[in-house]
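In the numbering used here, the protein residues as written are 1 to 461.
Have a look at the structure below, then the notes.
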Amino acid sequence: MIKFHAGRVSALVASALVATACGGEDMQTPTQTEPTTLKVRLENVAPFTQLKSGVYNTRVGGTAPGPLAPGDAFEFSFTAGKGQKLAFASMLGQSNDWVFATAPGGMDLYLENGNPISGDVTANVSLWDVGTELNEEPAVGPHTLPNQASSVDGPGAADPDPSVRKIGSQTTLSNGSTFNVPAVSSMIKVTVTPNAATRQFTVRIQNVSSDTSTMQTSQGYKPVRISPGVWTLTTGGEPLFTAGQKDRGQGLEALAEMGQVTALADSLAKTTGTATPVSPGVYLVHQGSDTLFQVGVPDPKQGLERIAESGNITPLYETMKGWLASNAQLGTFTTPEGATSAGPAKPGNAYTFEVSARPGDRLTFVTMYGMSNDWFFGTTPEGIDLFDAAGEPVTGDLSASLHLYDAGTELSEEPAIGPNTGPQQSDPDMGLADTDNKIREVTSATYATPVASHLKLTISR
Ligand SMILES: [Ca+2]
Ligand SMILES: [Ca+2]
Ligand SMILES: [Ca+2]
């Protein structure tokens with residue numbers, strides 16, 4: 001980290017000499033000439049635990065939400081990148097609290113050779129007991145969904161085992177009896193149709209059961225219905241539940257017991273977005289017309305492109321060092337708090353650095369939106385005033401001063417998913433030319449997530 005440019009010291013000495021020569025009346029007071037050390041903290045605050053989430057609730061050809069009868073299917077589509085996983089859950093409508101779902105971490109969408117998956121993926125789906133209600137005989141017990149409306153003693157007691165767990169082909173019900181669960185593949189069929197060029201996947205969930213031969217109960221064959229459901233796309237983690245642990249109370253219970261998707265979808269929506277890391281960055285404390293970048297002009301090829309496309313700070317730092325005004329300070333931030341080596345700041349991480357500033361100084365910095373092609377976070381080109389009109393340091397939460405820019409050096413694709421974005425490209429310089437080569441702010445029409453949902457900027461003394 002560079003706190004002072006060498007030229008700064010001689011400039012200060014010169015201005016002090018000039019002030020002395022003028023007789024002292026107009027000399028700056030010591031409090032004005034002594035620099036103030038300010039701590040700058042840039043924290044990645046992205047709360048996002050999944051890239052995408054959504055519901056499917058209306059069968060293909062249907063006009064209103066409802067469960068699938070035999071032969072019916074839900075379909076939903078989304079784009080996804082390599083390494084990302086799909087998870088979903090739908091209620092087995094005849095149960096107390098069982099869902100058809102992927103494993104907690106979801107299912108892979110790309111093969112090891114990089115090709116998208118295609119065809120029948122039903123083997124990735126199991127029946128899971130969400131552990132929120134005791135298990136009765138499906139379609140027969142008084143508190144199963146088909147019967148609970150007429151039950152006289154409420155919606156069903158708590159499950160004696162509150163953990164989310166997989167249901168085997170033979171399961172012991174809460175009253176101790178054994179129930180032969182139909183094979184998952186005799187009830188549901190899930191197929192995936194990929195489009196390798198657009199990275200779009202269409203998932204089809206079909207009810208393949210028969211009302212007269214699939215689910216045998218003590219009262220004869222009963223229907224199998226599959227409720228509307230919730231899906232997520234993640235880069236990791238377990239978005240809907242964890243095997244062996246209690247339901248999280250975020251809405252899965254309403255899906256598992258009543259086939260209702262709204263509560264779970266709403267809670268997921270709050271944590272859906274791109275949890276991009278931000279890269280090391282370059283900062284500048286300055287008073288003059290020096291800037292790290294300008295808006296409305298093409299990248300002047302001084303190194304901004306390398307930060308914006310791959311988080312490499314060296315070229316911009318070296319260029320700026322060469323032609324910096326004598327009273328400006330240039331530095332870098334590279335290592336997140338608590339880390340031992342340079343690297344990106346993921347959600348929960350922060351970069352901190354100290355600047356030594358005087359009234360009139362402004363702070364500018366740039367750092368890559370790591371999951372983009374060529375986007376960077378920064379202040380405005382002119383920077384943030386580090387002192388107010390009274391000469392007092394500006395401290396506190398300055399996140400409102402942050403912006404997201406497109407460097408105009410590479411065609412922008414969907415963050416985290418486009419093949420030439422930071423996490424998807426195989427080479428740091430991969431990508432197509434931007435259709436607009438000017439540096440510009442990324443508008444909410446292009447990217448709706450507010451900058452403050454990604455970064456918190458705090459300045460303190
Ligand atoms: Ca249960
Ligand atoms: Ca671009
Ligand atoms: Ca790229």
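For every residue, glycine included, the Cβ atom is placed at its ideal position computed from N, Cα and C.
Keep in mind the model is a prediction, meaning the values are calculated, not measured.
* To do: State whether the segment 289-296 contacts the segment 266-280, with contact taken as three or more CB pairs (one from each stretch) at a distance under 8 Å.
  => no
* Local Cβ density within 10 Å of A64, reported as buried at 16 or more and exposed below that -> exposed
* Measure from the alpha carbon of T178 to the alpha carbon of each residue in S169, Q302, A389 and G303, then state which is nearest. => S169
* Contiguous beta strand (DSSP E) assignments of at least 3 residues, all confined to the segment 199-263 -> 200-207, 215-217, 220-222 and 226-234
* Are three or more beta carbon pairs between the segment 217-231 and the segment 122-140 nearer than 8 Å? -> yes
* Return the chain-ordered list of same chain residues with a C-beta closer than 7 Å to the C-beta of P336, the five sequence neighbours on each side being excluded. => G343, A345, N349, A350 and Y351
* Asked: Between the beta-carbon of G396 and the beta-carbon of I307, is there less than 8 Å?
  -> no
* Asked: Is it buried or exposed for P428, if we count other Cβ within 10 angstroms and need 16 for buried?
  -> exposed
* To do: Would you mind giving the Cβ-Cβ distance between L240 and A416, rounded to the nearest angstrom? I have them listed as a contact below 8 Å.
  => Not a contact, Cβ separation roughly 20 Å.
* Counting only the same chain and skipping the five closest in sequence on each side, list residues whose C-beta sits under 6 Å from that of T198. => none
* Asked: Among the residues of its own chain, which have a CB less than 6 Å from the CB of Q206, if the five just before and after it don't count?
  -> A73 and K189
* To do: Could you name the residues of the same chain whose beta carbon sits closer than 7 Å to that of A256, not counting the 5 residues immediately before and after it, in chain order?
  => M91, D97, W98, V99, V130 and T132
* Asked: Would you say V282 and D361 are within 8 Å of each other, going by their C-beta atoms?
  -> no
* Asked: Taking C-alpha atoms, which residue in Q302, W323, G322 and S185 lies nearest to L316?
  -> Q302
* To do: Check whether the Cβ of K189 lies closer than 8 Å to any Cβ atom in chain D.
  => Note that chain D does not occur in the displayed structure, where there is just one protein chain.
* Asked: Roughly how many whole angstroms lie between the Cα atoms of G236 and P47?
  -> 14 Å
* Distance, T37 Cα to A196 Cα -> 53 Å
* Asked: Is E410 near ligand 2, judged by its Cβ being under 7 Å from some heavy atom?
  -> yes
* Using a Cβ-Cβ cut-off of 6 Å (strictly less than) and excluding sequence neighbours within five positions of G154, which residues of its own chain qualify? -> none
* Asked: Thinking just about the alpha-carbon of each residue, which of T446, T364, F78 and S210 is nearest to the one in M320?
  -> T364
* In this structure, what does DSSP give as the bridge partners for I384? -> L363
* Is it the case that the Cβ atoms of T214 and S185 are separated by a distance below 8 Å? -> no
* To do: Leaving aside the five residues before and after S401 along the sequence, list all residues of the same chain whose C-beta is less than 7 Å from its C-beta, in chain order.
  => T379, I384 and L457
* G348: CB within 7 Å of a non-hydrogen atom of ligand 3 -> no
* A157 versus L134 - alpha carbon distance -> 6 Å
* Run through the segment 255-311 for me and flag every whole beta strand (DSSP E) of 3 or more residues, listed as ranges in chain order. => 278-286
* To do: With a threshold of 7 Å, establish whether the CB of M430 neighbours any heavy atom of ligand 3.
  => yes
* To do: Compare the C-alpha of A123 against each of T191, N175, F76 and S150 and name the closest.
  => T191
* Does DSSP put M320 in a helix, in a strand, or in coil? -> helix
* Asked: What number of angstroms, rounded off, separates the C-alpha of G408 from the C-alpha of H454?
  -> 21 Å
* How about N420: is its Cβ closer than 7 Å to a heavy atom in ligand 2? -> no
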